[in-house]
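S.K.:
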Amino acid sequence: MQKTEIPIFFTIDDSYAPYLGTALVSMKENASREYSYQIIIVEQDLSRENRKRLQAEEEPGFSLRFVRMNAMPGEITDREENRLRCDYFTLTIYYRLFIADMFPEYDKAIYIDSDVVILGDISKLYQIDLGECLIGACPDDSIADVPELVSYTEEAVGMERGKYINSGVLLLNLKKMREAGLGSHFLRLIDRYHFDCIAPDQDYLNAMCRGKILYLDQKWDAMPAKGRQPVRDPQIIHFNLFEKPWCYSGVEYEDHFWHYAEKTAFYREIRTYKENYSEDQQRSDRGCLNLLIEKACTIPEAETTFRKMKERGARIEL
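Going by this note's numbering, the sequence shown opens with residue 1, and the numbers climb by one from there.
#1: Taking 9 Å as the threshold (C-beta atoms), are Lys124 and Leu172 in contact?
#2: Based on the DSSP secondary-structure assignment, which residues constitute the bridge partners of Glu43?
#3: Compute the Euclidean distance between the alpha carbons of Lys308 and Ile316, then round it to the nearest angstrom.
#4: Distance, Cα to Cα, Pro7 vs Val146?
#5: Determine the burial state of Gln281: buried for a count of at least 16 other Cβ atoms within 10 Å of its Cβ, exposed for fewer.
#6: Which two residues bound the contiguous beta strand (DSSP E) that contains His194?
#7: For the beta strand (DSSP E) holding Gly136, just list the boundary residues, first then last.
#8: Whether or not the region 110–128 and the region 200–212 are in contact is what I'm after, with contact meaning three or more pairs of Cβ atoms, one per stretch, closer than 8 Å; do they touch?
#9: Is the beta carbon of Phe10 closer than 9 Å to that of Leu97?
#10: Can Thr22 and Phe257 be called in contact, C-beta distance under 9 Å?
#11: Have a look at Glu148 and Pro234 and give me their C-alpha separation to the nearest angstrom.
#12: Suppose only complete runs of 4+ residues qualify. What are the alpha helix (DSSP H) ranges in the region 152–216, listed by chain order?
#13: Would you grab the beta carbon distance between Ala100 and Leu54 for me? Rounded to a whole angstrom, and I think it's under 8 Å.
#14: Quick one: what does DSSP say Phe89 is sitting in, helix, strand or coil?
#15: Quick check on the burial criterion: 16 or more other C-beta atoms within 10 angstroms. Buried or exposed for Lys28?
#16: Under a three-way DSSP split, which group does Glu148 fall into?
#17: For the alpha helix (DSSP H) containing Ile112, name the first residue and the last one.
#18: Give the DSSP bridge partners of Ser63, in chain order.
#19: Going by Cα to Cα distance, which pick from Ala302, Leu182, Glu57 is closest to Leu134?
#20: Decide if Val42 is buried, meaning its Cβ has at least 16 other Cβ atoms within 10 Å, or exposed.
#21: DSSP beta-bridge partners for His238?
#22: Across the region 275–290 and the region 48–67, are there enough close Cβ pairs to call them in contact, namely three or more that are closer than 8 Å?
#23: Taking the beta carbon of Ala302 as the centre, do at least 16 other beta carbons fall within 10 Å, making it buried, or is it exposed?
#24: CB His238 to CB Asp221, shorter than 9 Å?
#25: Give the DSSP-derived three-state secondary structure of Glu5 in the structure shown.
#26: Does the distance from the C-beta atom of Ala296 to that of Glu252 stay below 9 Å?
#27: Name the residue from Leu24, Cys247, Ile128 whose alpha carbon lies nearest to the alpha carbon of Leu64.
#28: Within the region 228–297, note down every full beta strand (DSSP E) run reaching 3 residues or more, in order along the chain.
#29: Measure the C-alpha to C-alpha separation of Phe62 and Tyr193 and round it to an integer number of angstroms.
#30: For Tyr204, which residues in the same chain have their Cβ closer than 6 Å to its Cβ, ignoring the five residues on either side in sequence?
#31: So is Lys3 buried or exposed if we call it buried at 16+ other beta carbons inside 10 Å?
Here it is in structure tokens:
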């Protein structure tokens, strides 16, 4: 009997290959063998050596497919409003917005950022019924205790408190996304308005999919959060923003990361990276976080925001 295939997407550039390796090892160890898994890695400038090391994780029922995507529509350029965490530009964060159009053979899929460890059975996430919703996702707990960022999601993006989702783990209703024209709608918005954002792909997804989001249990996107109780029974741990165990010690859930990282061909490289993470890099992280908060305070005052354009009658939501 042929097993049901579950498509799971990751998007990376070469620098994130080591952390994808860790994510793949954790996924394999915990996934139900009642399904087969097609891992599609949409990549930008992935080296031959890193591809070989990732391919070493293939086994029956767990296959990898690499899709090179270095070009994107001209509207997506290295502008300040298109940068991740306010400090760097990478096309890979936008690839998830085009999965529905790029892969018409799939009607449903999972998208996951590569800075994760997967402790649960990923097939259980796939089995969740999306109904008429475009995406399933968890509220972004990484910003919940930062008043400036919460205010930004309400005043600039137009999301109710606690409803702003994190785009690092997505259950995708690809059929409905194609029917709604999500990819082309995104291109129209970015070309016309160039909304300033603190999390470009994430802000656009929130604004476009508002009202058509299935909110998932937080265990599917558990993020480190100082001063709050950890998520009970996390199924996916997402080392979001600057809370990376390969940069800092004392990060919540870090033991899970190192448990799986040690089993990869990248382990020595990851350890060396952490050992050499400099004070200048840490200072840069702190500066970027401050800039993120500063932007969150100023963007809502801009003439053009998602919320203001919607209030003026522009079509933002799908």
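Every residue gets a Cβ at the ideal spot worked out from N, C-alpha and C, and that includes glycine. None of the values given here were measured: they were computed from a predicted structure.
M.R.: For this structure:
#1: Mapped onto the sequence shown, residue 172 falls at position 172. Mapped onto the sequence shown, residue 124 falls at position 124. No, the pair does not count as a contact, with Cβ atoms beyond the cut-off.
#2: Sequence index remark: in the sequence shown, residue 43 carries index 43 (1-based). Paired residue(s): Ile12, Arg68.
#3: Here residue 308 corresponds to residue number 308 of the sequence shown, with the count starting at 1. Here residue 316 corresponds to residue number 316 of the sequence shown, with the count starting at 1. Cα to Cα, Lys308 sits roughly 10 Å from Ile316.
#4: In the sequence shown, residue 7 corresponds to position 7, counting from 1. In the sequence shown, residue 146 corresponds to position 146, counting from 1. Looking at the backbone, the Cα of Pro7 and that of Val146 are separated by about 35 Å.
#5: Start at 1 with the first residue of the sequence shown, and residue 281 comes out as number 281. By the 10 Å Cβ count, Gln281 comes out exposed.
#6: For the purposes of this step, residue 194 is taken as the residue at position 194 of the sequence shown. For His194, there is no enclosing beta strand (DSSP E), as DSSP gives it neither H nor E.
#7: Here residue 136 is taken as the residue at index 136 of the sequence shown, counted from 1. Where Gly136 is concerned, the enclosing beta strand (DSSP E) stretches over 135–137.
#8: no
#9: Here residue 97 refers to the residue found at position 97 of the sequence shown. Here residue 10 refers to the residue found at position 10 of the sequence shown. No, the pair does not count as a contact, with Cβ atoms beyond the cut-off.
#10: Taking the sequence shown and counting its residues from 1, one reaches residue 22 at position 22. Taking the sequence shown and counting its residues from 1, one reaches residue 257 at position 257. Their beta carbons are under 9 Å apart, which means Thr22 touches Phe257 by this criterion.
#11: The sequence position of residue 148 within the sequence shown is 148, counting from 1. The sequence position of residue 234 within the sequence shown is 234, counting from 1. Roughly 27 Å between the two C-alpha positions.
#12: Runs of the alpha helix (DSSP H) inside the region 152–216: 174–180, 182–193, 200–209.
#13: One-based indexing of the sequence shown puts residue 100 at position 100. One-based indexing of the sequence shown puts residue 54 at position 54. Wrong, their Cβ atoms sit about 24 Å apart, outside the cutoff.
#14: Here residue 89 is taken as the residue at index 89 of the sequence shown, counted from 1. With a pLDDT of 37 at Phe89, under the threshold of 50, the predicted position of this residue should be treated as unreliable, and no value is reported.
#15: Counting from 1 along the sequence shown, the entry for residue 28 is found at position 28. With 16 or more Cβ atoms within 10 Å of its Cβ, Lys28 is classed as buried.
#16: Taking the first residue of the sequence shown as position 1, residue 148 is located at position 148. Here Glu148 sits in helix by DSSP.
#17: Position 112 of the sequence shown, counted from the first residue, corresponds to residue 112. Run containing Ile112: none in the alpha helix (DSSP H); it sits in the beta strand (DSSP E), 109–112.
#18: Position 63 of the sequence shown, counted from the first residue, corresponds to residue 63. DSSP, once it has assigned bridges, lists Gln38 as partnering Ser63.
#19: Here residue 134 is taken as the residue at index 134 of the sequence shown, counted from 1. When each option's Cα is compared against that of Leu134, the closest is Leu182.
#20: Walking along the sequence shown from the start, residue 42 turns up at place 42. Buried, because 16 or more other Cβ atoms sit within 10 Å of the Cβ of Val42.
#21: As a first step, residue 238 is located in the sequence shown; it is residue number 238 there, counting from the start. In the DSSP assignment, His238 forms a beta bridge with Val116.
#22: Short answer: they don't touch.
#23: To locate residue 302, count along the sequence shown from 1; it is residue 302. Label assigned to Ala302: exposed.
#24: Numbered from its first residue, the sequence shown carries residue 238 at position 238. Numbered from its first residue, the sequence shown carries residue 221 at position 221. Against a cut-off of 9 Å, the Cβ pair of Asp221 and His238 comes out as a contact.
#25: Start at 1 with the first residue of the sequence shown, and residue 5 comes out as number 5. Glu5: strand per DSSP, three-state reduction.
#26: Numbered from 1 along the sequence shown, position 296 holds the residue referred to as residue 296. Numbered from 1 along the sequence shown, position 252 holds the residue referred to as residue 252. Not in contact: Ala296 and Glu252 (Cβ atoms no closer than 9 Å).
#27: On the sequence shown, position 64 is the one that residue 64 refers to. Closest by alpha carbon: Leu24.
#28: Entirely contained in the region 228–297, the beta strand (DSSP E) runs reaching 3 residues are, in chain order, 236–238.
#29: Against the sequence shown, residue 62 aligns to sequence position 62. Against the sequence shown, residue 193 aligns to sequence position 193. Per the coordinates, the alpha-carbon of Phe62 lies some 41 Å from the alpha-carbon of Tyr193.
#30: As a working mapping, residue 204 is identified with position 204 in the sequence shown. Once the five neighbours on either side are set aside, the close Cβ partners of Tyr204 are Phe186.
#31: Position 3 of the sequence shown holds residue 3. The residue is exposed, with fewer than 16 neighbouring Cβ atoms inside 10 Å.
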